[in-house]
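Asks:
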Amino acid sequence: MKQKSALPSWQKNDLESCACPVCQSEQHISGHVFEFPPFQVVRCANCQLWYLSPRLKESVMLDVYADPSYFAGGGDSGYADKDGHYRDQETALRPTFRAFLGQMQKAGIEGGSLLEIGTSYGFFLQEAASFFDTLSGTDFDAEAVKQVQALGFQGLRGGLEAIPEGEQYNCISSMSVIEHVYDPVAFVKTLSGHLTPEGWMVFATPKINGFWFKLMGKRWSSFKIPEHITYYDVDTLSYLFHQAGAKQLKVLPYPAAYPLGLIAAKLGMKIPNRLAGLNFWLPGTMFAIAAQF
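Each residue of the sequence shown is one higher than the one before, starting from 327 at the first, in this note's numbering.
Laid out in structure tokens, this is it:
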């Protein structure tokens with residue numbers, strides 16, 4: 327049985343309108359709008375970033391992340407309804423992470439210490455154990471952090487404030503996190519202060535303006551409202567990194583596997599239960615960029 331969220335429905339005072347989170351322009355491109363009442367996705371006329379405005383205030387959104395139903399598949403956000411419990415995606419996430427770690431290795435990003443931002447239940451950390459020497463991860467969910475600690479990794483509950491002061495890492499990674507961040511420039515700048523001089527910051531995120539977005543339009547699966555508040559492509563994520571002081575960038579492939587049942591649900595299709603758990607690799611759903619500062 328699904329766990330129902332105790333969080334209330336959104337109220338008018340839970341919302342705020344905002345300028346572009348990356349360049350602070352208040353100008354939108356006319357006609358580039360998707361309506362998800364009471365929310366709206368608009369496109370910045372200056373840097374071309376797609377972002378949510380109005381959106382939930384950050385304090386309200388943090389309450390959503392702290393609610394157990396976010397990962398348990400209950401309530402109106404998170405891994406609800408067609409997504410199911412985050413753990414249900416483990417058999418697809420693990421091969422995805424292994425494939426991406428292989429891409430990182432090819433780019434020379436391995437060894438030393440790894441910090442994952444938004445580690446959830448530590449699936450990526452487990453797969454990264456043969457690529458890095460020490461592994462740590464942050465998350466807002468208390469149960470997720472306990473799971474990470476039980477696996478023998480350093481689990482840090484919270485956001486960037488949970489990172490030990492003065493601690494530096496050879497690699498800081500985050501998969502499907504930057505699209506949740508309210509002040510992405512400050513986020514990247516803060517994280518860059520926790521990198522070793524030759525360290526790499528690696529972000530992976532859904533790819534807007536790609537094949538799947540053009541095919542699906544408003545039904546694009548990464549319009550996860552209200553938690554996804556920014557939507558990047560290679561140009562806009564590169565722009566974000568440069569705004570935060572990055573000196574070198576590498577665009578990395580991010581091959582991603584998904585349960586066939588999840589794909590079918592997103593497309594409004596029904597398939598036999600015996601096929602629902604099979605993994606299917608979909609090209610072009612996500613991409614990654616590695617940055618040095």
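For each residue, glycine too, the CB sits at the ideal point set by N, CA and C.
What you are looking at is a predicted structure, and each value in this text was computed from that prediction instead of being measured.
(1) Which residues in the same chain as Trp336 place their Cβ atom closer than 6 Å to its Cβ, once the five residues preceding and following it in sequence are excluded?
(2) Counting only runs of 4+ residues fully inside the region 497-548, write out the alpha helix (DSSP H) ranges in chain order.
(3) Give the straight-line distance between the Cα atoms of Met612 and Gln475, rounded to the nearest whole angstrom.
(4) By how many angstroms is the C-alpha of Gln569 removed from the C-alpha of Val348?
(5) Find out if the Cβ-Cβ distance for the pair Ser356, Cys370 is shorter than 8 Å.
(6) Using a Cβ-Cβ cut-off of 6 Å (strictly less than) and excluding sequence neighbours within five positions of Ala590, which residues of its own chain qualify?
(7) Helix or strand or just coil, what does DSSP make of Pro421?
(8) Quick one: what does DSSP say Gly401 is sitting in, helix, strand or coil?
(9) Give me the DSSP bridge partner(s) of Ser439.
(10) Just tell me which of Pro532, Ala572, Pro510, Phe423 has its CA closest to the CA of Glu524.
(11) Once you ignore the five residues that flank Leu563 on each side, which residues in its own chain have a CB closer than 6 Å to its CB?
(12) Does the contact criterion of 3 or more C-beta pairs under 8 Å hold for the region 457-465 versus the region 548-567?
(13) Could you give the first and the last residue of the continuous alpha helix (DSSP H) run that contains Arg600?
(14) Which class does Lys383 belong to by DSSP, given the choice of helix, strand or coil?
(15) Any idea which residues DSSP pairs Thr562 with across the strands?
(16) Where does Gln494 fall in DSSP's three states?
(17) Ser547 and Lys592 look like a contact to me (Cβ under 8 Å); what is the Cβ gap, rounded to whole Å?
(18) Helix, strand or coil: which one does DSSP assign to Gly448?
(19) Just verifying my parser: in three-state terms, what is the DSSP assignment at Asp467?
(20) Exposed or buried, which one is Glu416 when buried takes at least 16 other CB atoms within 10 Å?
(21) So Leu486 and Phe513 are supposed to be a Cβ contact under 8 Å. How far apart are they, rounded?
Replies: On the basis of the data shown:
(1) Taking the sequence shown and counting its residues from 1, one reaches residue 336 at position 10. No residues qualify anywhere along the chain.
(2) 510-518, 537-542
(3) By 1-based counting over the sequence shown, the position of residue 612 is 286. By 1-based counting over the sequence shown, the position of residue 475 is 149. Straight-line Cα distance between these residues: approximately 28 Å.
(4) One-based indexing of the sequence shown puts residue 348 at position 22. One-based indexing of the sequence shown puts residue 569 at position 243. Approximately 8 Å, taken between the alpha carbons.
(5) Taking the sequence shown and counting its residues from 1, one reaches residue 356 at position 30. Taking the sequence shown and counting its residues from 1, one reaches residue 370 at position 44. Cβ distance not < 8 Å, so Ser356 and Cys370 don't count as in contact.
(6) For the purposes of this step, residue 590 is taken as residue 264 along the sequence shown, with counting starting at 1. Once the five neighbours on either side are set aside, the close Cβ partners of Ala590 are Ile597.
(7) Start at 1 with the first residue of the sequence shown, and residue 421 comes out as number 95. Looking at Pro421 - three-state DSSP - the assignment turns out to be helix.
(8) To locate residue 401, count along the sequence shown from 1; it is residue 75. Any reading at Gly401 must be qualified, since the residue scores a pLDDT of 46, below 50, and its modelled position is unreliable; no value is offered.
(9) By one-based count along the sequence shown, residue 439 stands at place 113. Answer is Thr460, bridged to Ser439.
(10) As a first step, residue 524 must be located in the sequence shown, where it is residue number 198. Checking every option, the nearest Cα to that of Glu524 belongs to Ala572.
(11) Locating residue 563 in the sequence shown gives position 237, counting from the first residue. Within the same chain, Leu563 has close Cβ partners Ile615.
(12) no
(13) Within the sequence shown, numbered from 1, the residue matching residue 600 stands at position 274. 599-602 is the span of the alpha helix (DSSP H), which, as asked, contains Arg600.
(14) For this step, residue 383 is matched to residue 57 along the sequence shown. Reduced to three states, the DSSP call for Lys383 is coil.
(15) Translated into positions along the sequence shown, residue 562 becomes position 236. Answer by DSSP bridge pairing: none, since Thr562 is not bridged.
(16) Counted from its first residue, the sequence shown places residue 494 at position 168. Gln494: coil per DSSP, three-state reduction.
(17) In the sequence shown, the residue the question calls residue 547 occupies position 221. In the sequence shown, the residue the question calls residue 592 occupies position 266. Between Lys592 and Ser547 the Cβ distance is about 5 Å, and since that is below 8 Å, they are a contact.
(18) For this step, residue 448 is matched to residue 122 along the sequence shown. The answer is coil: DSSP assigns Gly448 none of H, G, I, E or B.
(19) Position 141 of the sequence shown holds residue 467. Correct three-state label for Asp467: coil.
(20) Here residue 416 corresponds to residue number 90 of the sequence shown, with the count starting at 1. With fewer than 16 Cβ atoms within 10 Å of its Cβ, Glu416 is classed as exposed.
(21) Here the question's residue 486 lines up with position 160 in the sequence shown. Here the question's residue 513 lines up with position 187 in the sequence shown. Their Cβ separation, rounded to whole angstroms, is 7 Å, which keeps Leu486 and Phe513 in contact under 8 Å.
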